[in-house]
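K.L.:
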Amino acid sequence: MAPHDAVAHIDNRDGAVTSKVALRRWVADWLDGRGRVLEVFCGQSAVMWALAWRDHCASYVGIDAAQSHIEVRDVRVGDAMEEIAKLDLSAFDCIDVDAWGSPWRVVRAIASVRRLAAGERLGLVITDGSSKRRKFVGHVDDQRWFARDMPGVRTSASCVPVVVAGLRATARLMGARCGGMRRFELGGGGGAKGNVQMSYAAALFEGR
Numbered sequence: 048m049a050p051h052d053a054v055a056h057i058d059n060r061d062g063a064v065t066s067k068v069a070l071r072r073w074v075a076d077w078l079d080g081r082g083r084v085l086e087v088f089c090g091q092s093a094v095m096w097a098l099a100w101r102d103h104c105a106s107y108v109g110i111d112a113a114q115s116h117i118e119v120r121d122v123r124v125g126d127a128m129e130e131i132a133k134l135d136l137s138a139f140d141c142i143d144v145d146a147w148g149s150p151w152r153v154v155r156a157i158a159s160v161r162r163l164a165a166g167e168r169l170g171l172v173i174t175d176g177s178s179k180r181r182k183f184v185g186h187v188d189d190q191r192w193f194a195r196d197m198p199g200v201r202t203s204a205s206c207v208p209v210v211v212a213g214l215r216a217t218a219r220l221m222g223a224r225c226g227g228m229r230r231f232e233l234g235g236g237g238g239a240k241g242n243v244q245m246s247y248a249a250a251l252f253e254g255r
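In my numbering, the protein residues as written are 48 to 255.
1. Near V200, what residues of its chain come up, given a Cβ to Cβ distance below 8 Å and the 5 sequence neighbours on each side ignored?
2. Just to confirm the assignment: which complete beta strand (DSSP E) runs, minimum length 3, are found wholly within the stretch 138 to 172?
3. Helix, strand or coil: how does DSSP classify M128 here?
4. From R155 to V64, what distance separates their C-alpha atoms?
5. Pick from A218, D189, A99: whose alpha carbon is nearest that of R40?
6. Tell me which same chain residues have a C-beta within less than 8 Å of the C-beta of M228, skipping the five on either side of it?
7. If we count the other Cβ atoms within 10 Å of its Cβ and call it buried at 16 or more, is S66 buried or exposed?
8. Quick one: is V108 buried, meaning 16 or more other Cβ sit within 10 Å of its Cβ, or exposed?
9. Among the candidates D140, A127, A164, L134, whose CA atom is the shortest distance from the CA of P150?
10. Could you compute how far the alpha carbon of Q114 sits from the alpha carbon of A158?
11. Mapping DSSP to helix, strand and coil, what is A228?
12. Determine the direct distance from the alpha carbon of A99 to that of V68, and round the result to whole angstroms.
13. In the DSSP output, which residue or residues are listed as bridge partners for A249?
14. Can you have a look at V124 and say buried or exposed, based on whether 16 or more other CB atoms are within 10 angstroms of its CB?
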């Protein structure tokens, strides 16, 4: 194997877009441009669809609280958790959770259902903006399922181990090993709520 809570906001600042597209292209290449993509929180502007997935996947389904402003192959409008429950997740080998806040409740819901057969491949891409909350209150509720793997750090500096621990726990839940991981961090932004440290990551899973 080559090493290769539904919040409506999407982080599409210039620096973020560059990092996010690079991660998705990396996963798309690993899937030979034939990935079957499920993007949760795809956004009304469907930026990642337009810049990363449209020309680099075999199929695409998006989920968002509002209808996309541009033509996308298939967007389900509604609550993320409810829409995920309606889908046959075995139809996807690339999961993209582009959350503004924490992606981990959605990731766990998908991983609890989507088990990988031996040798089966799946790419996971996430955006995690929950570090601001962690800075003040420690682990948020939807991280507790993998918090035992994390060091006891309560500052925003913990966002890297949070992402790494979360992706490793996701691989275990899916019955897979993690054959590659990439990540970027970007500070600043957040509007009236102040600066938010955003973490972007992708992992390559293969069923054991």
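We put the CB at the ideal spot given by N, CA and C, even for glycine.
P.N.:
So, to answer that:
1. Residue confidence for V200 is low, a pLDDT of 45 falling below 50, so the modelled location carries little weight; the figure read from the coordinates is stated next. Excluding sequence neighbours, V200 sits near P208.
2. Listed in chain order, they are 141 to 145.
3. The answer is helix: DSSP assigns M128 an H, G or I state.
4. Roughly 25 Å between the two C-alpha positions.
5. Lying before the first or after the last residue shown, residue 40 is absent from the chain, which here runs from 48 to 255.
6. The beta carbon of M228 sits closer than 8 Å to the beta carbons of V211, L214, A248, A249, A250, L251 from its chain, once the five residues preceding and following it are set aside; these are given in chain order.
7. When all chains shown are included, S66 counts as buried.
8. Its Cβ being crowded by 16 or more others within 10 Å, V108 is buried.
9. Cα-wise, what sits closest to P150 is A127.
10. Taking the straight line from one Cα to the other gives about 26 Å.
11. The sequence shown places Met at residue 228, rather than the Ala named in the question. In this structure, M228 counts as strand in the three-state DSSP scheme.
12. If you take the alpha carbons of V68 and A99, they lie about 5 Å apart.
13. In the DSSP output, where bridge partners are listed per residue, A249 has V172, R229.
14. Under the 10 Å beta carbon count, V124 is surrounded by fewer than 16 other beta carbons and is classified as exposed.
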